[in-house]
Structures are given as structure tokens and as C-alpha cells.
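With the working numbering applied, the sequence shown closes on residue 356, and no number is skipped along the way. Note that the Cβ used here is the ideal one computed from N, Cα and C, for glycine as well. For clarity, every value in this text was computed on a predicted model and none was experimentally measured. To keep things clear, I will list the structure first and then write my remarks on it.
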Amino acid sequence: MQKNSSLSEKIFKQDHEQIIYCSDNKLGLKAIIGVHDTTLGSSMGGTRMWNYSSEEEGLKDVLRLSKAMTLKSSLAGLNAGGGKAVIIGDLKLKNKNFIEKYASFINDLNGKYWTAQDVNISSQDMIWMKGVTPFVVGMPEEEGGLGDSSHPTAYGVYLGMKAATKFVYGNDSLEGKKIALQGIGKVGAKLIEYLVKENANVYVNDINVDRLKSVIDKYEVKTFKNSELYSMDLDIFSPCALGGILNSESIKKLNCKIIAGAANNQLENDKIHDIELKERNIVYVPDFLINSGGIISVYHEQIQDLSKEKVFSVTENIYSKVEDVLNLSSKNNISTNASAMKIALDRIDRNKKK
């Protein structure tokens with residue numbers, strides 16, 4: 003894969019430790035592995051496969067997501083760094099040989115990067131990877147792992163919502179709160195269960211009609227169209243699907259007190275849009291804090307502490323971490339995103355000085 007000056011500039015600006023380009027022309031394999039920071043421990047982050055329009059688009063995902071994983075692991079109190087990988091290409095290319103070759107590139111890093119399941123990577127793909135390299139986590143329970151991490155992720159989002167609700171309203175009860183979930187995949191569906199149990203007034207939206215129907219049939223929730231989102235008077239907006247949903251246009255139109263969702267990279271630009279949310283007095287709970295239940299789960303698999311009770315116990319710390327972030331933001335008159343980054347980076351800096 004050819005690198006050009008604009009790509010090199012992006013890498014140096016982001017201050018990553020390593021960017022690894024991997025290819026096998028015979029198999030049609032092109033991948034990029036990003037190691038952002040290993041101060042606290044080996045870098046961890048999922049592998050996703052996507053038919054990006056360009057190599058630059060793939061690199062952009064790697065740079066941003068690996069940095070987010072560094073912040074996520076630090077805030078969660080884990081001894082792990084941030085990494086991410088993308089495989090660029092059509093899903094039709096994917097087979098056992100293809101995945102095993104990709105896994106060999108991970109193995110060559112000798113534990114500097116541990117991978118997990120992400121977009122378009124199946125449990126079977128993970129099993130194939132594990133046959134080549136030990137540096138794979140998020141394995142099915144029958145393969146010796148902790149299994150699906152969507153449950154602790156949803157639990158963490160729920161707790162983050164409650165902490166933000168306490169900050170805004172004075173108590174953390176979600177009863178009667180009007181909450182709109184955009185995206186009801188594995189995490190969103192489990193999150194609904196927590197919200198309905200607390201008698202929240204839940205609205206849901208998803209592009210998958212079958213998924214939407216299954217949730218409506220199971221819970222007392224209402225649906226909304228994307229076009230209706232900005233006319234809704236909400237307590238909480240919960241983006242649980244695509245990233246980049248919070249931009250200058252959407253922020254102007256949103257009518258909510260709190261944003262707290264499971265989606266990664268919710269801010270289109272984390273140097274601009276967090277400030278715009280602050281100016282509108284919308285309390286944004288940073289995604290790399292609130293959705294850290296997943297990394298907490300796979301980290302415990304990495305250190306072979308295979309107790310689901312321990313995973314949920316550590317995930318409960320998200321509540322107090324959200325309180326810390328919101329209080330620091332208020333005290334220093336800075337955005338919640340800047341507050342979360344400061345806490346995460348301060349921990350890394352302290353460890354660099356040891």
C-alpha cells in the first residue's frame with residue numbers, strides 16, 4: 003500500500019506510536035493497524051472490515067478510533083493502551099485463509115496490539131484468528147472467553163445516563179424521562195431493557211425494520227423517524243448507531259438536556275462540537291467514557307480474570323467517573339469532552355513519569 007505526504011502528516015499530527023500497513027496481493031488483503039499509546043499497557047481495540055472509498059478513509063478511522071481507545075482504557079482505570087485495526091475491502095474477500103493471514107500480522111507485533119471483534123468481523127473470524135495468534139480477546143464463552151460484551155456496554159451507558167441525570171435534575175431517577183435511542187443493535191436493545199424497568203418514556207429508531215419490530219413487540223416503547231428527532235422535546239438523546247451524528251447542523255436543532263449513548267465518535271469534530279454543545283447547555287457524556295463496558299470486559303479476558311461479576315463491578319465505576327467529568331467541566335468552565343480527556347491524559351502522564 004502506498005503512503006503519501008498527506009497521510010504521513012495525519013499520522014504525525016495524531017502522535018501515534020506505530021501505524022502498520024499490511025497487505026497480501028494474492029488474497030486481496032489490505033489492512034492498517036494503529037497503535038496509539040502503550041504507556042499503561044498493550045494496546046487494545048477491535049478489528050473492523052469495511053469497503054472504504056479510499057485508503058485515507060480507512061486510516062482516518064484507525065487514527066481516531068485508536069486514540070479513543072487510549073482515552074477509554076485510561077478513564078476506565080485499566081492497564082491497557084489504545085489500538086485499532088481496519089481491513090479494507092469487500093466482505094466477499096473474507097475466508098479462513100484471508101483471516102489467518104491477517105492474524106499473522108497481529109502475531110508479528112508480539113502482544114503490542116490485542117484485537118477484538120468489531121464491525122463485519124464474526125465470532126468465527128475470531129476463532130480463526132485465535133488459531134494463529136494468542137493476542138485475540140472477546141472470544142465466545144465456549145472458546146474460553148467472556149462472550150458478548152454488549153451487556154456490560156449497555157449497563158455502563160445506563161449508569162452514565164443516571165449520573166448525568168443526577169447532575170442535571172438533582173436525582174438520578176429515569177422514571178418518566180423522555181429518552182430517544184437512535185440505533186437498537188445489541189447494545190441498544192439491552193439498554194432499552196434497563197430503561198423500561200425504570201419506567202422511562204422510551205422512543206426508538208433503527209434502519210432495520212425487523213429489529214425495530216422485535217423491540218416494539220417486547221417492550222412498551224414508541225418509535226420515531228429520523229426526520230422527527232429535532233422536533234422532539236427530550237430529556238436524553240442516546241446515539242447508539244453511527245458516529246459523527248453531532249455536528250454543527252444537528253447540534254443547532256437538537257432539543258434535549260443530555261446526550262448519552264453507546265455510539266463511538268459521536269462528535270464529528272471533537273475540538274469544535276463539544277464546545278457548541280456546551281454553549282447550548284447540553285450535557286454531553288463523552289462516548290469514550292460511557293461506552294467503556296466493552297473494553298472492561300475484553301481487558302478482563304486478556305488478564306484471564308474470567309468473572310462476569312468482576313466485569314460488572316468494574317463497569318459500575320462509570321457512574322462515579324461521569325460525575326467526576328461533569329463536575330470538573332463545571333468547575334473549570336470547559337467542555338465535558340475536554341474534561342474527560344484531561345482526566346484520561348493526566349493518568350497517562352503520571353505513568354510516563356514513573
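Test item: CB-CB of residue i and residue j under 9 Å
| i | j | result |
| --- | --- | --- |
| Q268 | D289 | yes |
| D150 | K199 | no |
| I350 | T72 | yes |
| A87 | T117 | yes |
| M128 | G140 | yes |
| Y115 | C24 | no |
| L183 | C242 | yes |
| M51 | I90 | yes |
| V211 | I194 | no |
| S337 | A78 | no |
| A202 | L176 | yes |
| G30 | L95 | yes |
| E281 | I247 | no |
| V170 | V285 | yes |
Buried versus exposed call for residue i [16 or more other C-beta atoms within 10 Å across all chains shown]
| i | result |
| --- | --- |
| T135 | buried |
| R66 | buried |
| Q126 | exposed |
| I298 | buried |
| E230 | exposed |
| E303 | buried |
| K32 | buried |
| D39 | buried |
| N335 | exposed |
| L197 | buried |
| D219 | exposed |
| G263 | buried |
| T225 | exposed |
| V121 | exposed |
| G178 | exposed |
| N339 | buried |
| D276 | buried |
| E36 | According to the sequence provided, residue 36 is Gly. The question's Glu does not apply to it. Buried: at least 16 other Cβ atoms inside 10 Å. |
Residue(s) in a DSSP beta bridge with residue i
| i | result |
| --- | --- |
| T49 | A87 and Q119 |
| S25 | K32 |
| Y286 | I261 |
Rounded straight-line distance, which links the Cα of residue j to that of residue i
| i | j | result |
| --- | --- | --- |
| K323 | I292 | 9 Å |
| K98 | G133 | 11 Å |
| F314 | K28 | 44 Å |
| V204 | K180 | 6 Å |
| E145 | G185 | 29 Å |
| K255 | F107 | 45 Å |
| L236 | L111 | 47 Å |
| E278 | E102 | 45 Å |
| A265 | G245 | 6 Å |
| V287 | N319 | 14 Å |
| N260 | V327 | Note that residue 260 is Ile in the sequence shown, not Asn. Near 14 Å, if we compare the C-alpha coordinates of V327 and I260. |
| K62 | K333 | 33 Å |
| T41 | M163 | 30 Å |
| I209 | K273 | 29 Å |
| S124 | P154 | 19 Å |
| N353 | K74 | 16 Å |
| S250 | S233 | 17 Å |
| G147 | V300 | 8 Å |
| S55 | D92 | 11 Å |
| S168 | V159 | Looking at the sequence shown, residue 168 is not Ser but Lys. Taking the straight line joining both Cα atoms gives about 14 Å. |
| S216 | G190 | 13 Å |
| G85 | K312 | 24 Å |
| Q20 | Y221 | 46 Å |
| V64 | E58 | 10 Å |
Three-way DSSP call (helix, strand, coil) for residue i in this model
| i | result |
| --- | --- |
| T72 | helix |
| S152 | helix |
| D235 | coil |
| S240 | strand |
| W130 | helix |
| V206 | strand |
| G264 | With the sequence shown as reference, residue 264 is identified as Ala, and Gly is not the correct amino acid for it. In this structure, A264 counts as coil in the three-state DSSP scheme. |
| Y301 | helix |
| A182 | strand |
| K361 | Summary: the structure shown does not reach residue 361, with the chain confined to residues 3 through 356, and so no result is reported for it. |
| H1 | Because the chain here runs from 3 to 356, residue 1 falls outside it and cannot be looked at. |
| V217 | helix |
| T225 | strand |
| D39 | strand |
| L256 | coil |
| V138 | strand |
| N248 | It is Leu, not Asn, that sits at residue 248 in the sequence shown. Here L248 sits in strand by DSSP. |
| L269 | strand |
| Y54 | coil |
| I274 | coil |
Test: residue i CB closer than 9 Å to a CB of chain D
| i | result |
| --- | --- |
| N228 | Considering every chain present, this structure includes no chain D. It has just one protein chain. |
The ligand FMN heavy atom lying under 8 Å from the CB of residue i
| i | result |
| --- | --- |
| S309 | This structure lacks the ligand FMN; in fact it carries no ligand of any kind. |
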